[in-house]
Amino acid sequence: SREFLWQEGHTAHSTYEEADEMVMAALDLYKQAYQDLLCVPVIPGYKTEKEKFAGGHRTTTVEAYVAGSGRAIQGATSHNLGQNFGKMFDIKFQDEKGQTQIAWQTSWGFTTRSIGVMVMVHGDDKGLVMPPRIAPVQAVIVPILSKKLSMEDANPYCLSVLADLESQGLRAKYDDREMYNPGWKYNHWEQKGVPIRIEVGPMDIEKKQTRVVLRFNGEKMDIPVDGIGAFIKEKLESIHKAMFEKAVADRDSHVVTVTEWKDFVPNLEKNNLVLTPWCGPEHQDWEEWVKKTSKEESLKNLGQEGEDERCSTSVAAKTLCIPFDQPELPEGTKCIASGLPATCWVLWGRSY
Numbered sequence: 002s003r004e005f006l007w008q009e010g011h012t013a014h015s016t017y018e019e020a021d022e023m024v025m026a027a028l029d030l031y032k033q034a035y036q037d038l039l040c041v042p043v044i045p046g047y048k049t050e051k052e053k054f055a056g057g058h059r060t061t062t063v064e065a066y067v068a069g070s071g072r073a074i075q076g077a078t079s080h081n082l083g084q085n086f087g088k089m090f091d092i093k094f095q096d097e098k099g100q101t102q103i104a105w106q107t108s109w110g111f112t113t114r115s116i117g118v119m120v121m122v123h124g125d126d127k128g129l130v131m132p133p134r135i136a137p138v139q140a141v142i143v144p145i146l147s148k149k150l151s152m153e154d155a156n157p158y159c160l161s162v163l164a165d166l167e168s169q170g171l172r173a174k175y176d177d178r179e180m181y182n183p184g185w186k187y188n189h190w191e192q193k194g195v196p197i198r199i200e201v202g203p204m205d206i207e208k209k210q211t212r213v214v215l216r217f218n219g220e221k222m223d224i225p226v227d228g229i230g231a232f233i234k235e236k237l238e239s240i241h242k243a244m245f246e247k248a249v250a251d252r253d254s255h256v257v258t259v260t261e262w263k264d265f266v267p268n269l270e271k272n273n274l275v276l277t278p279w280c281g282p283e284h285q286d287w288e289e290w291v292k293k294t295s296k297e298e299s300l301k302n303l304g305q306e307g308e309d310e311r312c313s314t315s316v317a318a319k320t321l322c323i324p325f326d327q328p329e330l331p332e333g334t335k336c337i338a339s340g341l342p343a344t345c346w347v348l349w350g351r352s353y
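Positions in the sequence shown are counted from 1; adding 1 to them yields the working numbering.
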């Protein structure tokens, strides 16, 4: 199915300042959802006039990066609609003085594309890699049955481990299916991206321990069964931190600053996001020039004459955002495209 679901909010305010405060609050919530839940770092910023919501006053965005493809993807947007739609649809209110005013409106949205972003940022050749805080199953217990260990003998030990995990508020599962061997179960739960696998074999029971395997990096360790629940709970938090730091490092290693056009397309070819000085978000003509020229130069490098208009992954660069966090802009810096005096830094990339 090509259907997607979304959360969307609309508000009306008496002043521009109140509306803008709402816009930023919604955007910050979306940033938290990506970073604190999905382990996906995002870059917040303003959209240019060309890329903003049509008819709105100003659009803010959080932009993510997918290292596997070298492409950016818009994570979520929050719009200050200004009074344009209020004037169009006659949305009015009476202020404290009893005077009729046009409302200042906002609109903001977050969709299930966020799940796709998470999958692409963290997934590997084995399948999903689920961030611990949103994983439906955070830890799975797999008994290693053999002539030395029957299911009947494994059950009490594994169930005690499960009880310890659940006592810590963890979402855990005991895979006691007897029709599948341990190797099949390992592969099954790795595909589903379960953050931690807990293996229990005859030697583990004898030594009063478990073999703990981390999904995101494959690390294995033998952990005493006493206090296993508290250990796993703490380990899940360290996994979240490590996954986020890895994603930040993957992204930051592909964000480069470019001040001359000759270096722009070569850096796109290296799967980089490109931060450049810009003459301002209102210069839509030069923005279109960059999109057109980067596409032509990239296709030439590939030995191709053109690109299907229906292509959803164009080689052309587009503006992602004007980041809120702006580096210092030395006086006299020129726009990378027009040569006009630069007024800001803008982030470019190939995007989904």
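All C-beta atoms, glycine included, are put in the ideal place defined by N, C-alpha and C.
On a predicted model such as this, the values are computed, not experimentally measured, just so you know.
Close Cβ partners of residue i (< 7 Å) along its chain, the five nearest in sequence each way excluded
{"i": "I240", "result": "P133, P196, L215, F217"}
{"i": "P1", "result": "Examination of residue 1 is not possible in this model, given that the chain is present from 2 through 353 alone."}
{"i": "Y158", "result": "V201, I206"}
{"i": "C322", "result": "I44, G46, Y47, K48, T62, E64, L348"}
{"i": "M244", "result": "C40, H123, P132, F217"}
{"i": "D176", "result": "V141, I142, V143, K186"}
{"i": "M222", "result": "V213"}
DSSP-derived helix/strand/coil call for residue i
{"i": "F265", "result": "helix"}
{"i": "Y181", "result": "coil"}
{"i": "R351", "result": "coil"}
{"i": "H58", "result": "coil"}
{"i": "F94", "result": "strand"}
{"i": "P331", "result": "coil"}
{"i": "Q75", "result": "strand"}
{"i": "P157", "result": "helix"}
{"i": "G304", "result": "coil"}
{"i": "L163", "result": "helix"}
{"i": "E64", "result": "strand"}
{"i": "Q33", "result": "helix"}
{"i": "A26", "result": "helix"}
{"i": "G69", "result": "coil"}
{"i": "E310", "result": "coil"}
{"i": "G87", "result": "helix"}
{"i": "K296", "result": "helix"}
{"i": "D21", "result": "helix"}
{"i": "S151", "result": "coil"}
{"i": "L39", "result": "coil"}
Any chain B beta carbon closer than 8 Å to residue i
{"i": "K174", "result": "Absence of chain B from the displayed structure is noted, only one protein chain being present."}
Cβ separation of residue i and residue j, assumed to be a contact under 8 Å, to the nearest whole Å
{"i": "E191", "j": "G128", "result": "6 Å"}
{"i": "L274", "j": "L160", "result": "With a Cβ gap of about 49 Å, L274 and L160 do not count as contacting."}
{"i": "V316", "j": "K335", "result": "Not really, about 25 Å apart at Cβ, beyond 8 Å."}
{"i": "G110", "j": "F86", "result": "With a Cβ gap of about 15 Å, G110 and F86 do not count as contacting."}
{"i": "A155", "j": "L146", "result": "7 Å"}
{"i": "T320", "j": "C280", "result": "About 12 Å separates the two Cβ atoms, so there is no contact after all."}
{"i": "K174", "j": "V138", "result": "5 Å"}
{"i": "A250", "j": "V291", "result": "Not a contact, Cβ separation roughly 28 Å."}
{"i": "F5", "j": "T112", "result": "5 Å"}
Nonlocal neighbours in the same chain, by C-beta distance under 6 Å from residue i, ignoring five residues either side
{"i": "K51", "result": "Q285, E288"}
{"i": "G184", "result": "none"}
{"i": "L38", "result": "R134, I135"}
{"i": "P203", "result": "K149, L150"}
{"i": "Y35", "result": "V41, V43, G76"}
{"i": "T12", "result": "M23, T107"}
{"i": "Y353", "result": "R72, I74"}
Contact test: residue i Cβ vs the ligand GDP heavy atom, cutoff 7 Å
{"i": "L166", "result": "This structure does not include the ligand GDP; it has no bound ligands of any sort."}
8 Å CB neighbourhood of residue i in its chain, flanking five on each side removed
{"i": "H255", "result": "Y66, A68, G71, K271, N272, N273, L274"}
{"i": "K293", "result": "A317"}
{"i": "Q375", "result": "Residue 375 cannot be examined here, being either before or after the span of the chain that is shown, 2 to 353."}
{"i": "P328", "result": "T258, L276, W346"}
Sufficient close CB pairs (3 or more, under 8 Å) joining the stretch 101 to 121 to the stretch 71 to 85: With a cut-off of 8 Å on Cβ pairs, the stretch 101 to 121 is in contact with the stretch 71 to 85, counting three or more such pairs.
Let me know the alpha helix (DSSP H) ranges lying completely inside the stretch 180 to 220, each 4 residues or longer, listed in chain order. List check, alpha helix (DSSP H) in window: 183 to 192, 203 to 208.
For the pair the stretch 115 to 129 and the stretch 90 to 104, tell me if three or more CB-CB distances fall below 8 Å. Short answer: they don't touch.
Taking only runs that begin and end inside the stretch 226 to 294, name each unbroken alpha helix (DSSP H) of 4 or more residues, in chain order. DSSP runs (the alpha helix (DSSP H)) wholly in the stretch 226 to 294: 229 to 253, 265 to 270.
Enumerate, from N- to C-terminal direction, the unbroken alpha helix (DSSP H) stretches of 4 or more residues contained entirely within the stretch 98 to 138. Correct list: 114 to 123.
The stretch 20 to 28 / the stretch 55 to 73 touching (three or more Cβ pairs under 8 Å): Pairwise C-beta distances place the stretch 20 to 28 in contact with the stretch 55 to 73, as three or more of them are shorter than 8 Å.
Hey, is the stretch 70 to 78 in contact with the stretch 11 to 24, meaning 3+ C-beta pairs nearer than 8 Å? A contact between stretches requires three or more CB pairs, one per stretch, nearer than 8 Å, and the stretch 70 to 78 fails this requirement with the stretch 11 to 24.
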